[in-house]
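*Asks:* Just so we're aligned, residue 10 is where the sequence shown starts under my numbering, counting upward by one.
Note that CB positions come from ideal geometry on N, CA and C, so glycine has one too.
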Amino acid sequence: MSDPALDAAGSSLPLSPPVKAAAPRVQSDARADSAGKEHVIDAMRGFAALLVAYFHCRQIEWVGMQAFHQNAGHSLSLKTIAAYLTFPIAWGSAGVPIFFVISGYCIHRSGALRLANNPAYRLDTGNFWVRRFTRIYPVLLAALLLTLALDWFSLQLPPVSHKIREIGVQAFLVNLFSLQGVAGKTYGSNGALWTLSLEVQFYAIYPLLFALRRRIGMTSVLAIVAAVNVVSAYVLERHDIQFFTSYWFSWTLGAWIADAKARTSAKTGSPRWLYALAAGFIALGCAAFHYGQYGAFQLWAIGFAFYLYKALERGNANQRDGWGLRLLSRFGDFSFSLYLIHLPIFVLLSSVLYRSSLQMSIWPSFGYMMVAVPAAYVFYRLVELPAMNWSASFKPKSAKGAFVKS
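#1: Applying the criterion that 16 or more other CB atoms from any shown protein chain within 10 Å of the CB defines a buried residue, is Trp372 buried or exposed?
#2: So within the stretch 363 to 411, which uninterrupted alpha helix (DSSP H) runs reach at least 4 residues, ignoring any that extend past its ends?
#3: Measuring only the C-alpha atoms, how far is Ser259 from Gln189?
#4: With burial defined as no fewer than 16 other Cβ atoms inside 10 Å of the residue's Cβ, what is the status of Thr134: buried or exposed?
#5: I'd like to know whether the C-beta atoms of Tyr130 and Ala264 end up nearer to each other than 8 Å.
#6: Taking just the CA atoms, how far does Ser366 sit from Val169?
#7: What residues match up with Trp71 in a beta bridge as DSSP calls it?
#8: How would you call Ser374, buried or exposed, if buried means at least 16 neighbouring beta carbons within 10 angstroms?
#9: What's the gap between the Cα of Gly19 and the Cα of Trp138?
#10: DSSP three-state call for Gln307: helix, strand or coil?
#11: Please list, in chain order, all residues of the same chain as Val183 whose beta carbon is under 7 Å from its beta carbon, the five residues on each side excluded.
#12: So what's Gln251 in DSSP terms, helix, strand or just coil?
#13: Assign Gly101 to one of three DSSP states: helix, strand, or coil.
#14: Roughly how many angstroms separate the alpha carbons of Leu391 and Arg224, rounded to a whole number?
#15: The alpha helix (DSSP H) with Phe211 in it runs from where to where?
#16: What residues are listed by DSSP as bridge partners for Gln189?
#17: My assumption, with CB atoms under 8 Å, is that Asp249 sits in contact with Gly197. Please give the rounded CB distance.
#18: Taking just the CA atoms, how far does Ala121 sit from Ser128?
#19: What separation, rounded to the nearest whole angstrom, lies between the Cα atoms of Gly101 and Trp71?
#20: Which of helix, strand or coil does DSSP assign to His117?
#21: Across the stretch 87 to 106 and the stretch 237 to 252, are there enough close Cβ pairs to call them in contact, namely three or more that are closer than 8 Å?
#22: Among residues of its own chain, excluding the 5 on either side of Pro147, which ones have a beta-carbon nearer than 6 Å to its beta-carbon?
#23: Could you check how far apart the C-beta atoms of Leu124 and Pro216 are, in whole angstroms? I think they sit under 8 Å.
#24: What distance in whole Å lies between the Cβ atoms of Phe290 and Gly312, which are believed to be in contact at a cut-off of 8 Å?
#25: Mapping the DSSP letters down to three states, classify Val169 as helix, strand or coil.
#26: With a Cβ-Cβ cutoff of 8 Å, do Ala52 and Ser338 count as a contact?
#27: Quick one: give me the first and last residue of the alpha helix (DSSP H) that Leu293 is part of.
#28: Would you call the CB atoms of Leu185 and Leu150 closer than 8 Å?
#29: When the Cα of Ile50 is compared with those of Ala269, Gly341, Pro106, which residue comes out closest?
#30: Just mark Asn199 as buried or exposed, buried being the case when its beta carbon has 16 or more other beta carbons within 10 Å.
#31: Taking the alpha carbon of Ala384 as the point to measure from, which residue in Phe345, Gln368, Ser360 has its own alpha carbon closest?
#32: Would DSSP call Ile176 helix, strand or coil?
#33: Examine the ligand FAD and report whether any of its heavy atoms sits within less than 7 Å of the Cβ of Arg272.
#34: Quick check on the burial criterion: 16 or more other C-beta atoms within 10 angstroms. Buried or exposed for Phe162?
#35: DSSP on Tyr318, reduced to helix/strand/coil?
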């Protein structure tokens with residue numbers, strides 16, 4: 010399993026930073042998200058993007074832990090220790106539920122705040138869809154074109170990597186219209202795109218979820234979505250049909266958190282044992298991964314939801330955060346770009362340097378990351394940032410000064 014989160018009812022994606030308007034951030038609403046909360050969200054995005062990217066990098070470059078152990082044995086050389094230290098990356102697909110939970114939170118956040126202030130508030134569906142479209146599709150189109158270019162070069166260097174699927178017009182259109190997983194496969198080597206189709210489907214159905222929230226409350230909505238999720242998993246997921254209903258629960262968990270936080274005082278604290286509960290579900294997910302990714306995904310989503318719920322109480326804590334959290338939040342700024350383009354870069358590097366053969370040494374994987382991360386930052390500056398600004402230009406004037414990072 011591979012993939013983002015975008016921002017939205019005021020503004021987010023497996024994986025992208027929130028829309029940043031040209032106007033300065035304003036914190037006029039007493040319950041608006043504080044800078045510290047955004048810091049936590051961005052840090053989680055950065056962590057998830059790096060986790061997923063290196064998970065794929067390790068798959069493409071390295072022979073894997075079992076083959077490596079059989080060859081290296083109990084050697085204590087530096088390269089052997091470095092390889093063994095990457096063992097937790099075997100669960101790197103856990104980055105995807107992080108993105109989904111964050112996406113649900115960010116998409117519903119400003120709508121939840123408005124509902125808390127005015128229960129009669131109604132979502133402007135047309136404006137919401139326009140902003141989501143302008144936020145996602147310029148970036149997606151650029152990522153698909155980049156994948157086409159990089160994969161074309163990789164295909165000139167046989168033996169061809171098995172990671173490269175069809176790069177024809179039909180496959181391109183399937184992915185451009187976010188139908189991968191339903192009407193076709195992901196485009197070329199960019200297998201991470203499977204989650205983007207789910208995100209687009211989440212956005213398409215969000216106005217219905219919002220309307221249900223107004224009528225029956227978010228807790229009832231979450232219960233209904235959980236039931237739909239179970240049925241969908243049985244009917245669709247087991248037949249390898251990836252539709253949003255099979256992953257809707259993880260996304261709606263994030264929306265439920267946004268709703269709960271909007272209705273409680275910023276000073277209201279939750280028990281610290283929520284962190285222990287989060288760790289417990291994440292550990293259960295890692296154990297369940299042995300029996301299949303889908304079940305592990307659901308457990309990870311619950312674990313990360315517990316963590317997010319508690320972590321959002323940090324308040325304006327960015328001045329006290331360690332350098333590690335601040336650094337991760339920087340990666341969070343361009344996490345969507347990193348998510349969208351890392352795989353074709355890794356496949357091209359492997360094709361050029363090693364003719365797509367897996368290596369016994371783990372060192373090249375670190376080099377791959379040192380290429381992909383700066384490339385993603387450049388992509389972010391050239392493509393994603395203009396798309397964010399374009400999307401922000403459609404935001405209703407009445408909302409531009411009311412909520413943070415929307």
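*Replies:* So, to answer that:
#1: exposed
#2: 372 to 388, 394 to 401
#3: 20 Å
#4: exposed
#5: no
#6: 10 Å
#7: Gln368
#8: buried
#9: Unreliable placement is indicated for Gly19, whose pLDDT of 37 sits below 50; no coordinate value is reported for it.
#10: helix
#11: Gln189, Ala192, Gly193
#12: coil
#13: helix
#14: 42 Å
#15: 203 to 225
#16: Gly193
#17: With 8 Å as the limit, Asp249 and Gly197 do not qualify as a contact, their Cβ atoms being about 19 Å apart.
#18: Reading off the sequence, residue 128 comes out as Pro, not Ser. Roughly 9 Å separates the two Cα atoms.
#19: 15 Å
#20: helix
#21: no
#22: Ala396
#23: Not really, about 14 Å apart at Cβ, beyond 8 Å.
#24: 3 Å
#25: coil
#26: yes
#27: 282 to 297
#28: yes
#29: Gly341
#30: buried
#31: Phe345
#32: coil
#33: Summarising the ligand content, the structure contains no ligands, and the ligand FAD is consequently not present.
#34: exposed
#35: helix
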